[in-house]
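Asker:
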Amino acid sequence: MADTDTDHFSPYRADGKLYGFVCVVTGSQQPVGQAIIQELAAHGAACIYACDSSPTYDYAPLLTLLSHSSPNTKLIPYPFPLAAEDATLALIDDILNAFGRLDIWVCSSGLLGPSSIEATKPSDLQKCFEANSMAPFFALKYAPPAMGKLTKKGAYPNAAPKDVKYGSIIVGFDTRRVLVAMLYDEFACGVGGGEGGGCGAERWV
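Offset between the sequence shown (1-based) and our numbering: plus 3.
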């Protein structure tokens with residue numbers, strides 16, 4: 004049974020802050036991904052890995068915005084093929100080597116797709132499958148063990164110790180549908196979904 008008295012027992016602090024949290028946001032070059040990054044930063048996340056496929060995307064406007072609104076949050080642009088197993092493992096290794104913890108993984112593909120069913124090709128279906136099925140699958144497969152890593156308080160802004168296992172994997176299918184997996188303590192898992200911008204989760208400790 005986890006010690007529920009610690010300030011860092013759960014991501015749900017009374018003040019709503021996510022101090023110490025190390026996060027991954029895929030689809031970070033799309034408006035939805037950037038909005039998620041800004042929201043995590045506003046709540047005090049320590050570090051956010053901004054992941055997307057293009058290595059040449061200019062993150063300067065977002066970096067400038069966060070430097071004013073959330074100066075203690077570190078944004079790390081990270082070229083990342085969305086549905087590659089080896090890339091997922093490499094990203095997790097880099098995060099653990101740098102911070103020793105992983106707390107939130109947001110799968111936001113930003114994939115808009117064709118304008119109509121008539122314009123849909125087999126290649127479009129393949130891209131949809133990779134973005135909305137394979138990418139979340141690899142996150143659910145490999146992120147939980149990393150979220151179970153415990154750490155002392157690091158020497159960086161917004162740092163906090165992590166003395167209980169927890170984490171969240173969030174899959175955004177579009178602007179209305181969200182799937183959330185919450186992982187606590189011994190990693191029993193609760194999953195919830197929502198529409199209209201809402202989401203839910205159950206919790207076991």
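Ideal Cβ placement from N, Cα and C applies to all residues, glycine included.
1) Less than 8 Å between the CB atoms is what I'm expecting for ALA45 and CYS26, so what's the real figure, rounded?
2) Rounded to the nearest angstrom, how far is the Cβ of SER111 from that of GLY175, given a contact under 8 Å?
3) Could you check the C-alpha separation between PRO80 and TYR62 for me, to the nearest Å?
4) I'd like the span of the beta strand (DSSP E) that includes ILE51, first residue to last.
5) Note down the Cα distance separating THR76 from ARG104, rounded to an integer number of angstroms.
6) Can you tell me where the alpha helix (DSSP H) with ILE39 in it begins and where it stops?
7) For ALA86, is the classification buried or exposed, using 16 other Cβ atoms within 10 angstroms of its Cβ as the cut-off for buried?
8) Between the C-alpha atoms of LEU92 and GLU121, what's the straight-line distance to the nearest angstrom?
9) Can you tell me whether DSSP reads THR91 as helix, strand or coil?
10) What three-state label does DSSP hand TYR159 in the structure shown?
11) Straight-line CA distance for CYS54 to SER72?
12) With distances taken between CB atoms, is the gap from LYS156 to ALA163 smaller than 7 Å?
13) Is it right to say TYR159 is buried, meaning 16 or more other beta carbons lie within 10 angstroms of its own, or is it exposed?
14) Are VAL109 and ILE51 closer than 7 Å when you measure CB to CB?
15) From what residue to what residue does the beta strand (DSSP E) around LYS77 run?
Answerer: The structure says:
1) As a working mapping, residue 45 is identified with position 42 in the sequence shown. As a working mapping, residue 26 is identified with position 23 in the sequence shown. No, ALA45 and CYS26 are not in contact; Cβ-Cβ is about 12 Å, not under 8 Å.
2) Counted from its first residue, the sequence shown places residue 111 at position 108. Counted from its first residue, the sequence shown places residue 175 at position 172. That pair is a contact at about 4 Å.
3) By one-based count along the sequence shown, residue 80 stands at place 77. By one-based count along the sequence shown, residue 62 stands at place 59. Straight-line Cα distance between these residues: approximately 7 Å.
4) Taking the first residue of the sequence shown as 1, we reach residue 51 at position 48. Start and end: 50-55.
5) Within the sequence shown, the letter at position 73 stands for residue 76. Within the sequence shown, the letter at position 101 stands for residue 104. Rounded to whole angstroms, THR76 to ARG104 spans 15 Å at the Cα level.
6) Counting from 1 along the sequence shown, the entry for residue 39 is found at position 36. It spans 34-45 - the alpha helix (DSSP H) in which ILE39 sits, taken as one unbroken run.
7) Residue numbering aside, residue 86 sits at position 83 when the sequence shown is read from its first letter. By the 16-neighbour rule on beta-carbons within 10 angstroms, ALA86 is buried.
8) The sequence position of residue 92 within the sequence shown is 89, counting from 1. The sequence position of residue 121 within the sequence shown is 118, counting from 1. The straight-line gap from Cα to Cα measures roughly 37 Å.
9) Position 88 of the sequence shown holds residue 91. THR91 falls in the helix class under three-state DSSP.
10) Taking the sequence shown and counting its residues from 1, one reaches residue 159 at position 156. It is coil, neither helix nor strand.
11) One-based indexing of the sequence shown puts residue 54 at position 51. One-based indexing of the sequence shown puts residue 72 at position 69. Near 21 Å, if we compare the C-alpha coordinates of SER72 and CYS54.
12) Taking the sequence shown and counting its residues from 1, one reaches residue 156 at position 153. Taking the sequence shown and counting its residues from 1, one reaches residue 163 at position 160. Their beta carbons are under 7 Å apart, which means LYS156 touches ALA163 by this criterion.
13) Counted from its first residue, the sequence shown places residue 159 at position 156. Exposed is the call here.
14) Along the sequence shown, read from residue 1 onward, the residue named residue 109 stands at position 106. Along the sequence shown, read from residue 1 onward, the residue named residue 51 stands at position 48. Going by C-beta atoms, VAL109 is not nearer than 7 Å to ILE51.
15) Position 74 of the sequence shown, counting from 1, holds the residue named residue 77. Counting along the chain, the beta strand (DSSP E) containing LYS77 begins and ends at 77-82.
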